[in-house]
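Just so we're aligned, residue 69 is where the first sequence starts under the working numbering, counting upward by one. Data first, discussion second: the structure below is written as structure tokens.
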Amino acid sequence: MQPIEESFFHMDTLQLAQHLLGQFVVHELPQGTLIGRIVETEAYLGECDRAAHSFNNRRSKRTEIMFHEPGHVYSYTMHTHTLINVVSGPVGVPHAVLIRAVEPVAGLELMRKNRGSSMKETHLTNGPGKLTEALQITNEYYGHHWTKKPLYIARNERVEQIETSPRIGIKNSGEAARYPWRFFEKDNRFVSPYRP
DNA sequence: CGGGTGATAGACT
DNA sequence: GTCTATCACCCGG
């Protein structure tokens with residue numbers, strides 16, 4: 069398993085959010101290699117998107133990485149959970165794609181250990197906070213690049229049937245709350261539960 | 001020290 | 001599936 073080429077990340081953000089579906093997230097650890105296949109993403113288009121942390125090109129210590137080259141890791145903490153993003157857009161354009169769910173591919177035993185032994189398989193990685201816990205992804209990877217080991221994206225076949233919906237958890241973002249910028253694989257049981 | 005940042009587990013129906 | 005109580009850190013002032 070090898071990291072994807074850097075040029076992969078140089079595409080329109082809404083395209084990238086869809087092309088990421090099917091790709092592998094790989095985390096190589098001493099205890100084993102954890103792999104998840106991306107089945108759900110959301111695009112955040114900074115300058116024109118009230119739901120984005122970088123709305124209006126808001127630049128802070130936290131959003132800074134989104135102004136850098138695409139392919140960097142943007143992570144942030146939501147109370148007890150870490151959420152993980154892929155920086156998108158050219159330098160100076162603060163876009164990102166949130167990875168909302170993956171399908172467990174390898175390292176299931178370790179994932180179960182990370183998530184609690186009684187956790188059902190479908191609940192292992194079917195949410196943005198769940199998958200970071202299962203794959204042991206922490207804020208230490210803020211500013212890392214997704215082409216570098218030990219945490220990287222590896223190429224796999226793209227998904228064939230992509231569905232869209234409004235994004236989740238942003239209902240106070242006015243008009244932006246209705247943009248259909250959530251993408252997921254049709255009928256995949258590891259997609260997070262939809263909350264209308 | 002206040003504001004900003006939504007997801008999760010578990011109980012219930 | 002739906003409901004709801006609970007969860008913590010970083011930052012700027």
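Cβ coordinates follow ideal geometry from the N, Cα and C atoms, glycine included.
Using the Cα positions of residue i and residue j, report the straight-line distance between them to the nearest angstrom.
| i | j | result |
| --- | --- | --- |
| alanine 169 | phenylalanine 251 | 10 angstroms |
| phenylalanine 123 | aspartate 117 | 6 angstroms |
| leucine 113 | lysine 254 | 24 angstroms |
| valine 227 | leucine 88 | 9 angstroms |
| glutamate 115 | alanine 245 | 15 angstroms |
| glutamine 83 | histidine 121 | 20 angstroms |
| alanine 202 | serine 185 | 12 angstroms |
| isoleucine 221 | proline 71 | 6 angstroms |
| threonine 193 | arginine 130 | 25 angstroms |
| arginine 127 | lysine 217 | 28 angstroms |
| arginine 180 | leucine 97 | 15 angstroms |
Enumerate in chain order the residues of its own chain whose CB-to-CB distance from residue i is below 7 angstroms, with the five nearest sequence positions on each side excluded.
| i | result |
| --- | --- |
| threonine 232 | Pro248, Arg250, Phe251 |
| arginine 105 | Gly90, Phe92, Val170, Glu171, Val173, Asn224 |
| isoleucine 178 | The sequence given here places leucine at residue 178; isoleucine does not occur at that position. Taken in chain order, the residues that qualify are Gln99, Gly100, Leu102. |
| glycine 157 | Thr81, Pro138, His163 |
| threonine 145 | Asn207 |
Does the beta-carbon of residue i have 16 or more other beta-carbons within 10 angstroms, so that it is buried, or is it exposed?
| i | result |
| --- | --- |
| glutamate 208 | exposed |
| glutamine 86 | buried |
| serine 143 | buried |
| glutamate 110 | buried |
| leucine 151 | buried |
Once you ignore the five residues that flank residue i on each side, which residues in its own chain have a CB closer than 8 angstroms to its CB?
| i | result |
| --- | --- |
| histidine 212 | His140, Val141, Leu219 |
| isoleucine 236 | Glu110, Arg168, Arg250, Ser260, Tyr262, Arg263 |
Are the beta-carbon atoms of residue i and residue j separated by less than 8 angstroms?
| i | j | result |
| --- | --- | --- |
| glycine 197 | leucine 102 | no |
| valine 161 | asparagine 153 | no |
| asparagine 240 | glutamine 204 | no |
| threonine 190 | glutamate 74 | no |
| valine 107 | asparagine 256 | yes |
| histidine 149 | threonine 200 | yes |
| valine 155 | methionine 134 | yes |
So what does DSSP say about residue i, is it helix, strand or coil?
| i | result |
| --- | --- |
| isoleucine 106 | strand |
| serine 241 | coil |
| alanine 164 | strand |
| alanine 119 | coil |
| histidine 140 | strand |
| histidine 95 | strand |
| tyrosine 210 | coil |
| lysine 100 | The sequence as given places glycine at residue 100; lysine does not occur at that position. DSSP places glycine 100 in strand when its eight states are reduced to three. |
| methionine 69 | coil |
| isoleucine 221 | strand |
| threonine 232 | strand |
Report all residues from its chain with a CB closer than 6 angstroms to the CB of residue i; omit the five preceding and five following residues, and keep chain order.
| i | result |
| --- | --- |
| glycine 195 | Ser260 |
| phenylalanine 77 | Pro138, Gly139 |
| alanine 275 | Given that the chain is displayed from residue 69 to residue 264, the structure contains no residue 275 and the question cannot be resolved. |
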